[in-house]
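> For the sequence shown, the working numbering assigns the number 1310 to the last residue and increments by one with no breaks. This is the structure, below, for whatever I ask next.
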Amino acid sequence: MSGIFGALRLPASVVFGSGQRKGIGMMTAQIGRRALVCTDARMGQDAEFKAIVADIAANGVEVKVYDRTEADLPMAGITACVEEYAGYKPDVVLGIGGGSCMDMAKCVAVLLQHGGSLRDYYGENKIPGPVAPVIAVPTTSGTGSEVTPVAVIADTERGTKVGISSPYLIPRVAVCDPELTLTCPPGLTAVSGADALTHAIESFTAARRDVTPDLTVKNVFVGKNALSDVFGLLALKNIFEALPTAVKDGTNIAAREKMMLASLAAGCAFGTAGTAAAHAIQYPVGNETHTPHGMGVALLMPYVMEFNRPACVSAFAEIARAIGLSGNDGAGTDEELSHRLIDAVAALLKEIKIPVTLKELGLPEDKQDWTAEAAIGAARLVNNNPRKLDVDAMKAITRAAFTGDRAALAS
Ligand SMILES: NC(=O)c1ccc[n+]([C@@H]2O[C@H](COP(=O)([O-])OP(=O)(O)OC[C@H]3O[C@@H](n4cnc5c(N)ncnc54)[C@H](O)[C@@H]3O)[C@@H](O)[C@H]2O)c1
Ligand SMILES: [Fe+2]
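Next up, the structure:
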């Protein structure tokens, strides 16, 4: 393969900085006249949130608030919101909160525009056209949903989480104000930051595709490329600098800023390049153990990296150099640095108290192979993995992750 290929799909505006939430009223007024704000019960009572809503109204926009978004986004809650507000006909939808609230706003915008059931839109590129503009305002540093073409919902009847991916889901505006994350408790900071770490690594090491003119037309996620790589490295540099501090001292605004910049950058990277094996395996693990998405994907990351290492030596070494693992003299062969990076990722996750094995996460012992079989079904994520995965390879990963035997995957 030769030549540079790059692709990015992003909101029309991405605004980042402490205090930028104070511009949300003006930004909303530039887009619409009737706003619906989706948030959750905690945020609905928050003084900062109330100030944002008042500011929207002060800018001459009619505004209504739906504050019953549930974590992990069960489908029934989305339908309830749409039924309640369809008559109001909002022309701009805001999602203010963690990934769940932002994904709520995205789904509501789809259903208000196109009707039907969310099930009509599962998978890739199923949304038939543009939707009402969304303004996404994250209050965790993790999902990157403020810039991604993805919404993840829980189909409770089918007992599984499902993804909807389409460029039409990308918010019109992302407003990232790190001060909104100052209230995140250590556990949430760790788990959401670990999700961002996984997005950055999986997108930076995603499989490269054959570059054809229809690659970005037919696919939402297009694999590793020159533009998403810039964001992946930006994310990783900031995560290694700031995540432990943000977890230990939530009042440290410099660490909060770096983590929000990192989760935004990781969203820019994976929203175009896509994620891979760790995300594929987390879906069944999450369904079985009811543990947070970020905890599961991060726990799996060192095992997936160990398996992928032969296909990723130079990419791992590039990350290692970017985060300073090569020392002042730049020492270390790519091979050495690729090992050092996996150790550094495992050490970082340990420092922020992410569990180390699937056993600790509560996966039943007899579900190791079942997890691998379910994960291999996530074709989009499996095909995006840098090293070819079959069911035996998946089983090797889930077994190693169950017992904590990373060395079993070494090559
Ligand atoms: N769309 C995407 O691109 C994408 C990517 C990754 C994950 N996700 C999805 O996002 C969801 C997870 O999002 P999340 O990790 O941001 O958490 P979340 O939105 O599920 O919120 C988790 C909890 O944290 C609380 N919280 C949020 N912000 C807070 C703050 N500033 N202070 C105190 N508490 C706060 C919430 O009230 C809630 O109780 C999952 O459903 C996941 O599947 C989506
Ligand atoms: Fe994720």
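Note that CB positions come from ideal geometry on N, CA and C, so glycine has one too.
1) Confirm, please, whether the CB-CB distance from Thr1104 to Ala1221 is below 8 Å.
2) Whole angstroms are fine: how far does the CA of Ala1295 sit from the CA of Ala1176?
3) If you follow the beta strand (DSSP E) that Phe1206 is part of, which residue opens it and which one closes it?
4) I believe Asn1283 touches Phe1120 by the beta-carbon criterion, under 8 Å. Please report the beta-carbon distance rounded to the nearest angstrom.
5) My output table needs one value for Glu1023: the three-state DSSP class, helix, strand or coil.
6) Return the bridge partner residues of Ser1102 from the DSSP annotation.
7) How far does the beta strand (DSSP E) with Cys937 in it extend, from its first residue to its last?
8) Can you tell me whether Ala1145 is buried or exposed, with buried defined as 16 or more other CB within 10 angstroms of its CB?
9) Please report how far the alpha carbon of Gly1303 lies from the alpha carbon of Pro1201, in whole angstroms.
10) Quick check on this structure: which residue in Ile1063, Ala1004, Gly997 has the alpha carbon closest to the alpha carbon of Ser1040?
11) Looking at Thr1286: is its Cβ nearer than 8 Å to the Cβ of Asn1186?
12) Which runs of the alpha helix (DSSP H) at least 4 residues long sit entirely within the region 1088 to 1144? Give them in chain order.
13) For Gly1173, count the other beta carbons within 10 Å of its own beta carbon; 16 or more makes it buried, fewer makes it exposed. Which is it?
14) Taking 8 Å as the CB-CB limit, is Tyr965 close to chain C?
15) Enumerate in chain order the residues of its own chain whose CB-to-CB distance from Ser1162 is below 6 Å, with the five nearest sequence positions on each side excluded.
16) Are there any heavy atoms of ligand 1 lying less than 7 Å away from the beta-carbon of Thr1042, as far as the coordinates show?
17) Assign Arg1108 to buried or exposed, taking buried as 16 or more other Cβ atoms, counted over all protein chains shown, within 10 Å of its Cβ.
18) If you run the structure through DSSP and keep just helix, strand and coil, what is Leu993?
19) Classify Asp1268 as buried or exposed, calling it buried when 16 or more other Cβ atoms lie within 10 Å of its own Cβ.
20) Taking the straight line between their C-alpha atoms, what separation do you get for His1189 and Gly1122?
21) What first and last residue would you give for the beta strand (DSSP E) that runs through Val1371?
22) Could you check the C-alpha separation between Ala1273 and Lys1117 for me, to the nearest Å?
23) Distance check for Ala1243 and Tyr1021, CA to CA, integer angstroms please.
24) Within 10 Å of its beta-carbon, does Cys1166 have 16 or more other beta-carbons around it, so buried, or fewer, so exposed?
25) Measuring CB to CB, does Ala1053 end up less than 8 Å from Leu1068?
26) When the distance is taken between beta carbons, is Leu935 closer than 8 Å to Pro973?
27) Taking only three categories from DSSP, how would you classify Glu969?
28) Taking just the CA atoms, how far does Thr1055 sit from Gln929?
29) Who does Cys1075 pair with in a DSSP beta bridge?
30) Shorter than 7 Å, the distance from the beta carbon of His1189 to the closest heavy atom of ligand 2, or not?
31) Just grab the DSSP bridge partners of Thr1059 for me.
32) With hydrogens ignored, establish whether the beta-carbon of Asp939 is closer than 7 Å to any heavy atom of ligand 1.
33) Compute the minimum distance between the beta carbon of Val1196 and the heavy atoms of ligand 2, and state whether it is under 7 Å.
34) Work out the CA separation of Val991 and Gly931 for me, nearest whole Å.
35) Considering only heavy atoms of ligand 2, does any lie closer than 7 Å to the CB of Thr1097?
36) Hey, how far is the Cα of Arg1071 from the Cα of Ala1031?
In this structure, then:
1) no
2) 13 Å
3) Unbroken run through Phe1206 is the alpha helix (DSSP H), 1192 to 1221; no beta strand (DSSP E).
4) 6 Å
5) strand
6) The partner list for Ser1102 (beta bridge, DSSP) is empty, contrary to what the question assumes.
7) 933 to 937
8) buried
9) 10 Å
10) Gly997
11) Note on residue identity: the sequence assigns Arg, not Thr, to residue 1286. Taking 8 Å as the Cβ cut-off, Arg1286 and Asn1186 do not qualify as a contacting pair.
12) 1114 to 1117
13) buried
14) Of the protein chains in this structure there is only one, and it is not chain C.
15) Ser1040, Gly1041, Gly1043, Ala1095
16) yes
17) buried
18) strand
19) exposed
20) 29 Å
21) Here the chain has residues from 900 to 1310 only, and residue 1371 is not among them.
22) 25 Å
23) 36 Å
24) The question names Cys, but residue 1166 is Gly in the sequence shown. Looking at its Cβ environment, which holds 16 or more other Cβ atoms inside 10 Å, Gly1166 is buried.
25) no
26) no
27) coil
28) 37 Å
29) Phe915
30) no
31) Asp1054
32) yes
33) yes
34) 6 Å
35) yes
36) 9 Å
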